[in-house]
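J.: Quick note on the working numbering: the sequence shown kicks off at 2 and runs consecutively.
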Amino acid sequence: MKYDVIVIGGGPAGLAAAHAAWQDGCKSICIIERDKELGGILNQCIHNGFGLHFFKEELT
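1. Answer yes or no: do I32 and G12 have a C-beta to C-beta separation smaller than 8 Å?
2. Within this structure, are the beta carbons of D5 and A18 separated by less than 8 Å?
3. According to DSSP, is I42 part of a helix, a strand, or is it coil?
4. Among all the DSSP beta bridges, which residues are the ones paired with C27?
5. Going by DSSP, which residues form a beta bridge with I7?
6. Report the three-state DSSP secondary structure of G12 (helix, strand or coil).
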């Protein structure tokens, strides 16, 4: 399988990289994450309002 971009890690930086690639026109993006869910440290922390700017919903 071929991808425009492969991102290693689905934490905040990896998700930001995938989002930036998508904004730059990449259509096929693969995120490789070792955990069951994306988000990395965001699944362990609470930062009220995080995510509102880009995703229009809180992510933590």
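Idealized CB from N, CA, C, for every residue including glycine.
T.: Short version:
1. Position 31 of the sequence shown holds residue 32. Position 11 of the sequence shown holds residue 12. The answer is no: Cβ separation not under 8 Å.
2. Locating residue 5 in the sequence shown gives position 4, counting from the first residue. Locating residue 18 in the sequence shown gives position 17, counting from the first residue. In this structure, A18 does not lie closer than 8 Å to D5 by Cβ.
3. The count along the sequence shown starts at 1 and reaches residue 42 at position 41. Helix at I42.
4. Taking the sequence shown and counting its residues from 1, one reaches residue 27 at position 26. None; C27 has no bridge partner.
5. Looking up residue 7 in the sequence shown gives position 6. For I7, which the question treats as bridged, DSSP gives the partners C31.
6. Working through the sequence shown from its first residue, we reach residue 12 at position 11. Coil, per DSSP.
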